[in-house]
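From first to last, the protein sequence lines are chains A and B.
Residues in the first sequence are numbered consecutively from 0, following numbering that gives the first Met the number 0.
Residues in the second sequence are numbered consecutively from 0, following numbering that gives the first Met the number 0.
Beta carbons: idealized from backbone N, C-alpha and C, even for Gly.
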Amino acid sequence: MRKTIFLLAIISASVVSLSGVDQAFAHQRVDIPTTHQSTNIRLTVGHSNEPAYGASRTHDGLHGFEMSIVDKDTKLPVSGTGTSLKLDKYYFKNVEKYNKATSSNQADKIDKNIQFGSVFGSPGTYLHRQIVDTGVYGYRIYGTVSYYGVKTIPVDVTAFCDDDNMNSKTKFEIGTWSSSFGCPTNMDYISFPNKPSDK
Amino acid sequence: MTLTQNKIHAIVGVAFLSIGLAYGGNVFASHSFEIGTTTGVVPDNTHVRLDGMTLAAGDVFPLYDSSPNYVAGHFLLKAPCTPVTDGDDTYKPTVTVVAGHVDEMTDRTHMRKIPLYYINAVSNPPNSCIFHAHIPDPLNGGSPRVTDIDLINLSGSPIEFHAGDVVDINIQRTLGSIGTDKYDVATDGAPVTVSDEYGTYNPVYDLNDNDHTNDGYGHTG
Numbered sequence: 000m001r002k003t004i005f006l007l008a009i010i011s012a013s014v015v016s017l018s019g020v021d022q023a024f025a026h027q028r029v030d031i032p033t034t035h036q037s038t039n040i041r042l043t044v045g046h047s048n049e050p051a052y053g054a055s056r057t058h059d060g061l062h063g064f065e066m067s068i069v070d071k072d073t074k075l076p077v078s079g080t081g082t083s084l085k086l087d088k089y090y091f092k093n094v095e096k097y098n099k100a101t102s103s104n105q106a107d108k109i110d111k112n113i114q115f116g117s118v119f120g121s122p123g124t125y126l127h128r129q130i131v132d133t134g135v136y137g138y139r140i141y142g143t144v145s146y147y148g149v150k151t152i153p154v155d156v157t158a159f160c161d162d163d164n165m166n167s168k169t170k171f172e173i174g175t176w177s178s179s180f181g182c183p184t185n186m187d188y189i190s191f192p193n194k195p196s197d198k
Numbered sequence: 000m001t002l003t004q005n006k007i008h009a010i011v012g013v014a015f016l017s018i019g020l021a022y023g024g025n026v027f028a029s030h031s032f033e034i035g036t037t038t039g040v041v042p043d044n045t046h047v048r049l050d051g052m053t054l055a056a057g058d059v060f061p062l063y064d065s066s067p068n069y070v071a072g073h074f075l076l077k078a079p080c081t082p083v084t085d086g087d088d089t090y091k092p093t094v095t096v097v098a099g100h101v102d103e104m105t106d107r108t109h110m111r112k113i114p115l116y117y118i119n120a121v122s123n124p125p126n127s128c129i130f131h132a133h134i135p136d137p138l139n140g141g142s143p144r145v146t147d148i149d150l151i152n153l154s155g156s157p158i159e160f161h162a163g164d165v166v167d168i169n170i171q172r173t174l175g176s177i178g179t180d181k182y183d184v185a186t187d188g189a190p191v192t193v194s195d196e197y198g199t200y201n202p203v204y205d206l207n208d209n210d211h212t213n214d215g216y217g218h219t220g
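Put into structure tokens, the structure is as follows:
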């Protein structure tokens, strides 16, 4: 009897682990008209596992750039063949350098033409894996989105993470965004009781 | 201790159930937006027999309420039917199906007719026809966020349902909370709209006739 219960417990646990796929969710969004009647798609972007912290002795810095695409009114995921998206990444080492910049091309590091792939088994969800450092990150998302095979929507938007000390969060952004997602900070800020700065 | 045959059967049964739950199965839909189940979600099925019921003119028969969650799924209706237009080989139900959200506050209520697909292969008009619908249907219309599904008799006379008449609602995913994504009469229009170019009946599409102007949007194949 004990073996039976044990086997059932293992099977039940495997179901829970297979089905318990969590979705971290980001916090900056933009709506784009589809031209099919009055519908819009909504792109929601940000870093995975927020709040994001730069890689350090105590943190792996694994905060991918993730995006969901849904139909704005129904919240149904928008996915399928015909969607092709790429990503450009911009990185400023600190807010001071970002504030001085007059163009995103003055970023300390730029990475372009990255394939922005969808997450297998999770329609409408996209993820670019990365290990981040502290600083200011910006992302340009561009390409086309297929609206359920009825319309092909051109997409070209840029979002930057948010830091209280920025002189303008939106100066390099493209698109009418709402809300925001935070820039990766130093995890030492939440250390207690021994902040490195106290040593 | 050895396992008895009954226990082995039970374990095998649970194992198959587990695999089914974990992988969700394949979904073959005629609509590109119909996403089906996801891992970890067990579909919620509501089966309502209509046989023997007479719905009085103007009466409402509530079928489903998932408040506060608005949901995605599939709707089936078997009910008395009549040609969409005189002589048409596409039929519409004499009862009207509406979906959306019924709120305690009228200004937060939003109910619209849902687009139906006529399934001629298994229909027996005018006695009884079968219709499918996708909940919600972003391409063809209806309320975008559905917590409630009702039947309304707007035909002007009583509707008598026949043996085998039924509604089956299979809910496959929760899309959000109506508490967060409220309807507002100021931006979303009148709480209840049942009269439009289709009169008081549902818009009906038919993928199997020669008239391709009534195919609707989004079907594949």
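C-beta neighbour in chain B for residue i, strict 8 Å
i                  : result
Tyr-141 of chain A : no
His-35 of chain A  : yes
Thr-73 of chain A  : yes
Ser-178 of chain A : no
Asp-70 of chain A  : yes
Gly-53 of chain A  : no
Thr-38 of chain A  : yes
Any chain A beta carbon closer than 8 Å to residue i
i                  : result
Leu-138 of chain B : yes
Gly-99 of chain B  : no
Pro-221 of chain B : This structure cannot settle anything about residue 221 of chain B, because the visible part of chain B is limited to 0 through 220.
Phe-32 of chain B  : yes
Leu-115 of chain B : no
Pro-202 of chain B : no
Tyr-216 of chain B : yes
Ala-71 of chain B  : yes
Gly-155 of chain B : no
Asp-208 of chain B : no
Pro-92 of chain B  : no
Pro-135 of chain B : yes
Selection from the options that minimises the alpha carbon distance to residue i
i                  : options                                    : result
Asn-112 of chain A : A:Asn-104, A:Val-94, A:Ile-140, A:Ser-121  : A:Ile-140
Pro-67 of chain B  : B:Asp-187, B:Ala-55, B:Leu-206, B:Thr-179  : B:Thr-179
Asn-185 of chain A : A:Pro-32, A:Gly-134, A:Leu-86              : A:Gly-134
Thr-73 of chain A  : B:Asp-136, B:Pro-82, B:Ser-127             : B:Asp-136
Phe-115 of chain A : A:Asp-187, A:Ile-68, A:Phe-159             : A:Ile-68
Ser-156 of chain B : B:Gly-57, B:Asp-43, B:Phe-32, B:Pro-42     : B:Gly-57
Ile-189 of chain A : A:Tyr-52, A:Asn-48, A:Pro-32, A:Ile-40     : A:Tyr-52
Ile-148 of chain B : B:Asn-169, B:Gly-163, B:Leu-138, B:Ala-162 : B:Asn-169
Leu-42 of chain A  : A:Ser-167, A:Pro-153, A:Cys-182            : A:Pro-153
Pro-183 of chain A : A:His-35, A:Ser-37, A:Gln-36, A:His-58     : A:His-58
Asn-44 of chain B  : B:Glu-33, B:Asp-50, B:Ser-65, B:Met-104    : B:Ser-65
Asp-187 of chain A : A:Ala-54, A:Gly-45, A:Val-44               : A:Ala-54
Ser-142 of chain B : B:Val-70, B:Leu-62, B:Asn-123, B:Ile-118   : B:Val-70
Gly-198 of chain B : B:Val-83, B:Ala-132, B:Ala-78              : B:Val-83
Val-121 of chain B : B:Ser-31, B:Ile-134, B:Phe-130             : B:Phe-130
Ser-103 of chain A : A:Ser-145, A:Thr-157, A:Gln-129            : A:Thr-157
Lys-91 of chain B  : B:Met-104, B:His-73, B:Asn-119             : B:Asn-119
Gly-120 of chain A : A:Gly-79, A:Gly-63, A:Ile-173              : A:Gly-79
Own chain residues within Cβ distance below 7 Å of residue i, not counting five before or after
i                  : result
Asp-88 of chain B  : Asp-208
Asn-39 of chain A  : Asp-30, Ile-31, Pro-32, Thr-33, Lys-71
Gln-4 of chain B   : Summary for Gln-4 of chain B: the model assigns pLDDT 49, below 50, so the residue's position carries little reliability, and this model does not support an answer.
Leu-6 of chain A   : Because Leu-6 of chain A carries a pLDDT of 40, less than 50, the predicted location of this residue cannot be relied on, and the following value inherits that uncertainty. For Leu-6 of chain A, where only same-chain residues beyond five positions count, there are no Cβ hits under 7 Å.
Asp-187 of chain B : His-109
Close-in-space but distant-in-sequence residues of the same chain around residue i (CB under 6 Å, 5 per side omitted)
i                  : result
His-46 of chain B  : Asp-167
Arg-48 of chain B  : Val-165
Glu-159 of chain B : Thr-53
Tyr-63 of chain B  : Thr-45, Ile-148, Ile-168
Ser-47 of chain A  : Ala-23, His-62, Gly-63, Glu-65
Three-state class that DSSP yields for residue i in the structure shown
i                  : result
Asp-187 of chain A : helix
Ala-132 of chain B : strand
Ala-78 of chain B  : strand
Val-154 of chain A : strand
Thr-179 of chain B : coil
Glu-33 of chain B  : coil
His-109 of chain B : strand
Tyr-97 of chain A  : helix
Ser-154 of chain B : coil
His-127 of chain A : strand
Val-26 of chain B  : Interpretation of Val-26 of chain B is limited by its pLDDT of 34, a score under 50 that renders its predicted location unreliable; no figure is taken from the coordinates.
Val-118 of chain A : coil
Gln-36 of chain A  : coil
Thr-186 of chain B : helix
His-26 of chain A  : coil
Thr-93 of chain B  : coil
Ser-67 of chain A  : strand
Asn-126 of chain B : coil
Asn-139 of chain B : coil
Interface residues of chain A facing residue i [CB-CB closer than 8 Å]
i                  : result
Leu-174 of chain B : Thr-73, Lys-74, Leu-75
Same chain only: Cβ atoms within 8 Å of residue i, ignoring 5 sequence neighbours per side
i                  : result
Pro-50 of chain A  : Gly-181, Thr-184
Arg-144 of chain B : Tyr-69, Gly-99, His-100, His-109, Pro-135, Leu-174, Gly-175, Ile-177, Asp-180, Tyr-182
Asn-93 of chain A  : Thr-133, Gly-134, Val-135
Under 9 Å by beta carbon: chain B residues contacting residue i
i                 : result
Thr-43 of chain A : Ordered by position in chain B, no residue passes the 9 Å Cβ test against Thr-43 of chain A, which lies about 13 Å from the chain.
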